[in-house]
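What follows is one structure encoded as structure tokens, with my remarks underneath.
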Amino acid sequence: MQHWYTKAISVEEPWLTAFPVDPGWVQTDLGNRGAEEFGLEKAAITIDESVQGLLKLIDTSTLKTHSGKMWLYDGREEPW
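Position in the sequence shown (from 1) plus 208 gives the number in the numbering used here.
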């Protein structure tokens, strides 16, 4: 639901760069617990990998290229 709020904000506030980001399947307590349910030792990416990707994405984002779109932590655009 937050994704659609963010998309709406990007339309209603055209001056604001707004976009949702999927941080990935991160090795947090919750992420690792989910991984164990699938028979895996831990989630796919470290907290550092996720944060570094998020920071790079935010740093390179522009109103024209990113606003209103959904993104993955690694910079790939995710289709709605």
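Yeah, the Cβ is synthetic: ideal placement off N, Cα and C, and Gly gets one too.
Every value quoted in this text rests on a predicted model; they were computed, and no experiment measured them.
Which residue spans inside the segment 247-277 form an unbroken beta strand (DSSP E) run of at least 3?
DSSP runs (the beta strand (DSSP E)) wholly in the segment 247-277: none.
Grouping DSSP H, G and I as helix and E and B as strand, with all else coil, what is E152?
What the structure shows of the chain is the stretch from 209 to 288, and residue 152 is not part of that stretch, so it cannot be assessed.
Which residue or residues does DSSP assign as beta-bridge partners of L280?
According to DSSP, which records beta bridges pairwise, L280 is partnered with D230.
What's the gap between the Cα of W223 and the Cα of L280?
Rounded to the nearest angstrom, the two C-alpha atoms are 23 angstroms apart.
Report the rounded CA-to-CA distance for T236 versus E245, giving the unit in angstroms.
So the two alpha carbons sit approximately 14 angstroms from each other.
Grab me the residues of I217's own chain with a C-beta within less than 6 angstroms of its C-beta, minus the 5 sequence neighbours each way, in chain order.
Once the five neighbours on either side are set aside, the close Cβ partners of I217 are A226.
Going by DSSP in three states, W223 sits in which element: helix, strand or coil?
Of the three classes helix, strand and coil, the one that applies to W223 here is coil, per DSSP.
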